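A.B. asks: Residue 33 in the numbering used here sits at position 33 of the sequence shown; the count goes up by one each step and never skips.
Don't be surprised by glycine CBs; every beta carbon is placed ideally from N, CA and C.
Values in this document were obtained by computation on a predicted structure and should not be read as measured data.
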Amino acid sequence: MFWMTTLLGMLLIGSLEMTGSDPDPEDDGADPGEPKTADLPGQDQFQPARINPLTVKPAEFDPYSSDAPLDTPTAPLRGSAADDRLIGHDGPDRINGYNGNDTISGRGGDDDLWGADGQDLLRGGPGNDTLHGNDGDDDLSGQAGNDSILGYHNDDTLRGGAGADSLIGGMGNDFLNGGEDEDQLSGGMGDDTLIGGRGEDVLFGDQGNDRIDGTEPPVTNATDPRQTGKGMVDERDYLNGGDGDDTLIADANDVVTPGIGQDTIILDAANADKTPT
1 MFWMTTLLGM LLIGSLEMTG SDPDPEDDGA DPGEPKTADL PGQDQFQPAR INPLTVKPAE
61 FDPYSSDAPL DTPTAPLRGS AADDRLIGHD GPDRINGYNG NDTISGRGGD DDLWGADGQD
121 LLRGGPGNDT LHGNDGDDDL SGQAGNDSIL GYHNDDTLRG GAGADSLIGG MGNDFLNGGE
181 DEDQLSGGMG DDTLIGGRGE DVLFGDQGND RIDGTEPPVT NATDPRQTGK GMVDERDYLN
241 GGDGDDTLIA DANDVVTPGI GQDTIILDAA NADKTPT
């Protein structure tokens, strides 16, 4: 059972109970094990969970090995127990800030950046970078490229930027923003905020009472077959609340899975038709 109401032009649904299979197929003629779906106005789809938690394997290389790539730096750059400012070069870097509140910039290349303890600020720069926040309330931004960003402990801020990024919050109440392109976001433990941004994104709240936002600003492209309204492109996002009492915000074409708990699903009617104002 579920209830519907409208608030400020948005459709709200609460106490939505969904199961992965039909316990009594004779009641409605459904086949045993048939997934349950709930249809709402537009092309949004609500269906059982098909999204698994995301995993990202950190970059691994030994800069001292004779088998290392030719463009691998000759040695990692290490910080100290103080508040360090560490800047890489335009090739691939491996930088570890260690203790202290560090500022680390990888610049160009495929970089592997570690914050360690302290409240760190990491910027990947151009390239396919891997950023590790570890302990402390860290600010991690992959910027351009297909980046992997891991917050680990405490309350972290993760931003993907341009490129197909993977963001994992870890423990703590984290803020994740995928930015442009097709991103994968997982909040981990804690009460997290996930924003997909532009592109076809996968948003998984995991544990905690999360706020998951699949809406995105409209993009004009009159030749794109996904266009809605007056030539405005609407990308499809996949939202999964996971455990906890989550709030999921979707617009047209999104696929929403409430997950376990008392979730609230908001259809952003004002943004669903992508009509310019």
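Should I168 and T215 be called a contact, given that it needs their Cβ atoms to be closer than 8 Å?
C.D. replies: No.
A.B. asks: For the segment 124 to 196, list the beta strand (DSSP E) runs that are entirely contained and at least 3 residues long, ordered along the chain.
C.D. replies: Listed in chain order, the complete beta strand (DSSP E) runs (minimum 3 residues) inside the segment 124 to 196 are 130 to 132, 139 to 141, 148 to 150, 157 to 159, 166 to 168, 175 to 177, 184 to 186 and 193 to 195.
A.B. asks: CA-CA distance, T55 and D83?
C.D. replies: Any reading at T55 needs caution, since the residue's pLDDT is 45, under 50, leaving its predicted position unreliable; the model's value is listed next. Near 30 Å, if we compare the C-alpha coordinates of D83 and T55.
A.B. asks: Which whole-angstrom value describes the C-beta separation of D112 and R94, a residue pair presumed to lie in contact below a C-beta threshold of 8 Å?
C.D. replies: About 5 Å; that satisfies the 8 Å criterion.
A.B. asks: Please list the terminal residues of the continuous beta strand (DSSP E) segment that includes S105.
C.D. replies: Start and end: T103 to S105.
A.B. asks: Could you check the C-alpha separation between I260 and A116 for me, to the nearest Å?
C.D. replies: Between I260 and A116, the C-alpha separation is close to 33 Å.
A.B. asks: Within 10 angstroms of its Cβ, does Q143 collect 16 or more other Cβ (buried), or is it exposed?
C.D. replies: Q143 should be labelled buried.
A.B. asks: Mapping the DSSP letters down to three states, classify Y238 as helix, strand or coil.
C.D. replies: The answer is strand: DSSP assigns Y238 an E or B state.
A.B. asks: So for A250, helix, strand or coil by DSSP?
C.D. replies: Strand at A250.
A.B. asks: Rounded to the nearest angstrom, how far is the Cβ of G205 from that of N177, given a contact under 8 Å?
C.D. replies: The Cβ separation is near 15 Å, so there is no contact.
A.B. asks: Using C-beta distances below 6 Å, list every residue in its chain close to N101, excluding the 5 sequence neighbours before and after it, in chain order.
C.D. replies: Cβ neighbours of N101 beyond the five flanking positions: D83, G118 and Q119.
A.B. asks: Tell me whether the beta-carbon of D147 lies closer than 8 Å to the beta-carbon of D174.
C.D. replies: Their beta carbons are not under 8 Å apart, which means D147 does not touch D174 by this criterion.
A.B. asks: Ends of the beta strand (DSSP E) at N96?
C.D. replies: R94 to N96 is the extent of the beta strand (DSSP E) around N96.
A.B. asks: Out of G197, E180, L140 and G170, point me to the one whose CA is closest to S186's CA.
C.D. replies: Among G197, E180, L140 and G170, the Cα nearest to that of S186 belongs to G170.
A.B. asks: When burial is assigned at 16 or more other CB atoms within 10 Å of the CB, is L140 buried or exposed?
C.D. replies: Classification for L140: buried.
A.B. asks: Skipping 5 residues on each side, what residues in its chain have a beta carbon closer than 7 Å to that of R78?
C.D. replies: So the list reads N96 and Y98, once near-sequence residues are dropped.
A.B. asks: By the three-class DSSP mapping on this structure, what secondary structure does I87 have?
C.D. replies: In this structure, I87 counts as strand in the three-state DSSP scheme.
A.B. asks: Would you check if the distance between the CB atom of D198 and the CB atom of E180 is smaller than 8 Å?
C.D. replies: For clarity, residue 198 is Arg in the given sequence; the question names Asp instead. In this structure, E180 lies closer than 8 Å to R198 by Cβ.
A.B. asks: Suppose you measure from the CA of G208 to the CA of A75; what does that come to, to the nearest Å?
C.D. replies: Taking the straight line from one Cα to the other gives about 40 Å.
A.B. asks: Compare the Cα-Cα distances from D137 to each of L131, G125, D90 and N154 and report the closest residue.
C.D. replies: Cα-wise, what sits closest to D137 is N154.
A.B. asks: Using the Cα positions of N253 and D213, report the straight-line distance between them to the nearest angstrom.
C.D. replies: Near 14 Å, if we compare the C-alpha coordinates of D213 and N253.
A.B. asks: What residue range is occupied by the uninterrupted beta strand (DSSP E) comprising D213?
C.D. replies: D213 -> beta strand (DSSP E) spans R211 to D213.
A.B. asks: Grab the span of the beta strand (DSSP E) containing I260 for me, first residue to last.
C.D. replies: Note, I260: premise wrong, no beta strand (DSSP E); not H, not E.
A.B. asks: How would you label H132, buried or exposed, when you count the other beta carbons within 10 angstroms and need 16 or more for buried?
C.D. replies: Per the 10 Å Cβ criterion, buried.
A.B. asks: Per DSSP, which one or two residues make a beta bridge with R78?
C.D. replies: Paired residue(s): N96.
A.B. asks: With DSSP collapsed to three states, give me the class of D243.
C.D. replies: Reduced to three states, the DSSP call for D243 is coil.
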